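When the letters of the sequence shown are read in order and numbered with mature numbering (1 follows the signal peptide of the UniProt record, and there is no 0), they come out as residues -27 to -1, 1 to 112.
Comments concern the structure below.
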Amino acid sequence: MDRQRRTLLKAASAMAALAMLPLPVSAKGFGAKDFVALSARLTGRPTADFDPETAARMLKAFQGRGLGRELARLYLHPASNDALAGQVVSAWYTGVCQTAAGPAVATFNDALLWKTAAFLHPPGTCGGPTDYWSRPPSA
């Protein structure tokens, strides 16, 4: 009788521990908000740095290559696929992501490379008032 009681207690403890684990994200349930959260985690940047429309375009490109399930797995376990993590980071910094048909520009002005230094901005966009570049930067 004592053995059955211990087995029951062990099983109940294990089930309680399992109930505390996060629910798995399915490939179908992995959306643009999840992709932004994953991207923020992988790049170390705040979620505010990621445009939701750009995230949706990039996610569609990854899903079009059959990587939806892998992205969901990467969301739960960031160290599970270094190659895919690198592709996500690269897409955000360059603004270019791979599609089934080849590389495609998902964004230009919102690429993270422009946020790596205060003086960087996309060509053809204003970086400040006229002659802002002629004054030396403040220390």
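Even glycine gets a Cβ: it sits at the ideal position worked out from N, Cα and C.
Just so it is clear, the structure is predicted and the values come from calculations on it, not from any experiment.
For residue i, report the span of its alpha helix (DSSP H) as first-last.
| i | result |
| --- | --- |
| Gly37 | Pro25 to Gly37 |
| Gly41 | Gly41 to Leu49 |
| Tyr105 | Counting along the chain, Tyr105 falls outside any alpha helix (DSSP H), and DSSP gives it neither H nor E. |
| Trp65 | Asp55 to Thr67 |
| Ala5 | Ala5 to Thr16 |
Which residues does DSSP pair with residue i in a beta bridge?
| i | result |
| --- | --- |
| Cys99 | BP columns for Cys99 are empty, so no partner. |
| Gly75 | Thr72 |
What is the rounded straight-line gap between the Cα of residue i and the Cα of residue j?
| i | j | result |
| --- | --- | --- |
| Thr89 | Gly39 | 31 Å |
| Thr72 | Arg(-23) | 56 Å |
| Arg42 | Ala77 | 21 Å |
Taking all protein chains shown into account, decide if residue i is buried (16 or more other Cβ within 10 angstroms of its Cβ) or exposed.
| i | result |
| --- | --- |
| Gly101 | exposed |
| Ala79 | buried |
| Gly68 | buried |
| Ser111 | exposed |
| Cys70 | buried |
| Ala56 | exposed |
| Thr27 | buried |
| Leu32 | buried |
Three or more beta-carbon pairs under 8 Å between the stretch 58 to 68 and the stretch 9 to 17, yes or no? yes
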